[in-house]
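One structure is given below, encoded as structure tokens.
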Amino acid sequence: MELNLNPETVCLLITKAHEFHAKEQVTITENPTSPADDWAMQTLADHADDATYQEMVNLINDLDPDQLLELVALMWLGRGDFALEEWQEALSQAADSHTSHTASYLIGTPLVADYWQEGLELHGYTCD
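Add 6 to the 1-based position in the sequence shown for the numbering used here, that's all there is to it.
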């Protein structure tokens, strides 16, 4: 299964995600206090002026729609939500779940860099 998404772009996002999440003042709770809380959006709004965060948002928002869906599916694949054999199902689910807040959703996911890395590796790519 070949990716439409350039692995080098994902590797850049992985690097930026590590930089952003490593900053001391960035805390993203794993579990919201209630299902109605838009916790990732609230947390990330505090970092909207952060250059690394803004660069990630721009990189993600500049992707073609099919590449954006692959980026979401790649995270889910790396997280173990789907197996590689279920790639088309992951893409379909990503399409069904797509919103204008996808960049915030991705950046706000704890360990997103690790998930993208694992997803790339399952597709046969590495970041070197």
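In this text, a Cβ means the ideal position worked out from N, Cα and C, and glycines have one as well.
Since the structure is predicted, the reported quantities are computational estimates derived from the model, not experimental observations.
- Put simply, the backbone Cα of residue 84 is about 8 Å away from that of residue 126.
- Separation of residue 115 and residue 81 (C-alpha to C-alpha, rounded to the nearest whole angstrom) is 9 Å.
- The closest CA to that of residue 103, considering only 76, 91 and 8, is found on 76.
- Per the coordinates, the alpha-carbon of residue 8 lies some 14 Å from the alpha-carbon of residue 14.
- Looking at the backbone, the Cα of residue 131 and that of residue 26 are separated by about 23 Å.
- Here the alpha carbons of residue 88 and residue 96 stand approximately 7 Å from one another.
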